[in-house]
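Student:
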Amino acid sequence: MLNNKSILITGGTGSFGKMFTKVILERYPQVKRLVIYSRDELKQFEMAQVFSGSKYPQIRYFIGDVRDGARFKRACEGIDIIIHAAALKQVPAAEYNPDECIKTNIGGAQNVIDAALSTNVRIVVALSTDKAAAPINLYGATKLVSDKLFIAANNIRGHHDIRFSVVRYGNVMGSRGSVIPFFFERAKEGVLPITHKEMTRFNISLEDGVDMVLWAIENAIGGEIFVPKIPSYTIETVARAIAPNAKMDEIGIRPGEKLHEEMITESDSYNTIEFDKYYAILTSNADKNIYLNHFKGWEVEKGFKYNSETNTEWETVDSMRLKIKEFVDPNFKPVE
Numbered sequence: 001m002l003n004n005k006s007i008l009i010t011g012g013t014g015s016f017g018k019m020f021t022k023v024i025l026e027r028y029p030q031v032k033r034l035v036i037y038s039r040d041e042l043k044q045f046e047m048a049q050v051f052s053g054s055k056y057p058q059i060r061y062f063i064g065d066v067r068d069g070a071r072f073k074r075a076c077e078g079i080d081i082i083i084h085a086a087a088l089k090q091v092p093a094a095e096y097n098p099d100e101c102i103k104t105n106i107g108g109a110q111n112v113i114d115a116a117l118s119t120n121v122r123i124v125v126a127l128s129t130d131k132a133a134a135p136i137n138l139y140g141a142t143k144l145v146s147d148k149l150f151i152a153a154n155n156i157r158g159h160h161d162i163r164f165s166v167v168r169y170g171n172v173m174g175s176r177g178s179v180i181p182f183f184f185e186r187a188k189e190g191v192l193p194i195t196h197k198e199m200t201r202f203n204i205s206l207e208d209g210v211d212m213v214l215w216a217i218e219n220a221i222g223g224e225i226f227v228p229k230i231p232s233y234t235i236e237t238v239a240r241a242i243a244p245n246a247k248m249d250e251i252g253i254r255p256g257e258k259l260h261e262e263m264i265t266e267s268d269s270y271n272t273i274e275f276d277k278y279y280a281i282l283t284s285n286a287d288k289n290i291y292l293n294h295f296k297g298w299e300v301e302k303g304f305k306y307n308s309e310t311n312t313e314w315e316t317v318d319s320m321r322l323k324i325k326e327f328v329d330p331n332f333k334p335v336e
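Counting in my numbering, the sequence shown runs from 1 upward without gaps.
Structure follows, in structure tokens:
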């Protein structure tokens with residue numbers, strides 16, 4: 001599927017970008033070119049120690065910011081597929097620095113679209129977040145706008161043979177800035193600060209996130225927001241999985257945080273189809289029959305919503321421990 005293709009990933013030095021690179025090099029050794037586009041030269045240097053140009057000559061490290069439209073357009077020359085993973089993602093930081101978040105998450109998204117339409121890019125898959133569904137924080141709001149921009153880009157492609165789609169999923173296990181590495185450090189002190197014992201989140205591994213993007217590259221028609229069927233967990237479950245005897249210090253919900261997340265709202269249900277491992281939120285004017293046949297799916301019930309609190313699949317302490325060991329740290333042992 002990706003052999004002899006040129007791929008660019010924005011934010012390529014992040015947790016997703018590094019896993020995506022690893023998977024691509026393993027599964028598609030004949031990939032023509034894999035461009036890591038990011039603005040941090042140190043992270044590119046560190047990544048190059050693992051994926052060096054001498055061992056993997058198809059990799060290119062391209063310093064640039066998605067805010068810089070001209071620079072990004074230059075990077076897209078000869079590219080077939082763009083994976084847009086670059087974003088400012090920390091909720092409290094976005095609340096305190098809203099203009100910076102807007103410039104990257106919205107302005108950067110538009111630059112990606114403009115560059116793709118101005119070159120010969122064929123496929124664009126943008127990464128989204130559960131926080132973009134009925135957002136209450138700035139980060140979620142900017143990602144909702146970003147999602148809308150990418151979906152609407154299909155309306156202005158004209159004669160270009162290109163399709164834009166979005167992949168939306170929940171918290172990624174062990175990613176930089178996530179709760180599991182944070183709990184690893186705090187468990188040594190015997191106290192885990194948690195926001196709220198009843199807080200719930202969706203859970204996905206980096207590997208599953210990469211697989212979903214690859215699936216979207218191969219199967220998307222263009223104009224969909226894909227959502228995976230994944231389990232939920234409570235923050236207390238994660239804490240007990242990592243340090244069962246630690247004291248839990250409830251510090252309260254931070255600015256911009258929800259007690260529960262959702263990826264498909266009740267309003268979305270009227271345009272959502274379900275199939276296999278995923279849902280697809282369609283545009284209001286989409287021909288559902290095309291999608292139902294293409295994905296071999298069915299329409300969800302009107303009023304359906306996909307919420308981390310009312311989800312039917314849940315992580316337990318034991319299942320969370322197994323997944324931490326499998327996807328985060330193979331040497332993991334609970335801190336007694």
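Built from N, CA and C at the ideal position, the CB exists for glycine as well.
Name the DSSP beta bridge partners of residue 275, please?
Tutor: Here residue 275 is taken as the residue at index 275 of the sequence shown, counted from 1. According to DSSP, residue 275 bridges with 278.
Student: Under 8 Å: do the region 236–251 and the region 293–306 share three or more Cβ pairs, one atom per stretch?
Tutor: no
Student: Exposed or buried, which one is residue 164 when buried takes at least 16 other CB atoms within 10 Å?
Tutor: To locate residue 164, count along the sequence shown from 1; it is residue 164. Buried, since its Cβ has 16 or more Cβ neighbours within 10 Å.
Student: Counting only the same chain and skipping the five closest in sequence on each side, list residues whose C-beta sits under 8 Å from that of residue 324.
Tutor: Counting from 1 along the sequence shown, the entry for residue 324 is found at position 324. If we look at residue 324 and ignore the five residues flanking it on each side, its Cβ neighbours are 173, 174, 180, 241, 242, 332.
Student: Does the contact criterion of 3 or more C-beta pairs under 8 Å hold for the region 272–289 versus the region 250–259?
Tutor: They do not touch, by the three-pair rule.
Student: Looking only at its own chain, which residues have a Cβ that is under 6 Å from the Cβ of residue 327, when we skip the five neighbours before and after it?
Tutor: Residue numbering aside, residue 327 sits at position 327 when the sequence shown is read from its first letter. Correct list, in chain order: 173, 205.
Student: Pull the bridge partners of residue 234 from the DSSP assignment, please.
Tutor: Working through the sequence shown from its first residue, we reach residue 234 at position 234. Bridge pairing for residue 234: 200 [DSSP].
Student: Which of the three DSSP states is assigned to residue 89 in this structure?
Tutor: Indexing the sequence shown from 1 puts residue 89 at position 89. In this structure, residue 89 counts as coil in the three-state DSSP scheme.
Student: Using only alpha-carbon positions, find the residue among 130, 50, 71, 69 that is nearest to residue 91.
Tutor: Locating residue 91 in the sequence shown gives position 91, counting from the first residue. Out of 130, 50, 71, 69, 130 has the C-alpha closest to the C-alpha of residue 91.
Student: I'd like to know whether the C-beta atoms of residue 20 and residue 127 end up nearer to each other than 8 Å.
Tutor: Within the sequence shown, residue 20 is the residue found at index 20, counting from 1. Within the sequence shown, residue 127 is the residue found at index 127, counting from 1. Result no, Cβ atoms of residue 20 and residue 127 do not sit closer than 8 Å.
Student: Taking the alpha carbon of residue 233 as the reference point, which residue from 288, 201, 246, 78 has its own alpha carbon closest?
Tutor: Here residue 233 refers to the residue found at position 233 when the sequence shown is read from its first residue. Checking every option, the nearest Cα to that of residue 233 belongs to 201.
Student: Per the DSSP calculation, residue 126 is bridged to which residue(s)?
Tutor: Translated into the one-based positions of the sequence shown, residue 126 becomes position 126. Answer is 84, 166.
Student: Do the CB positions of residue 154 and residue 222 come within less than 8 Å of each other?
Tutor: To locate residue 154, count along the sequence shown from 1; it is residue 154. To locate residue 222, count along the sequence shown from 1; it is residue 222. Closer than 8 Å, so yes.
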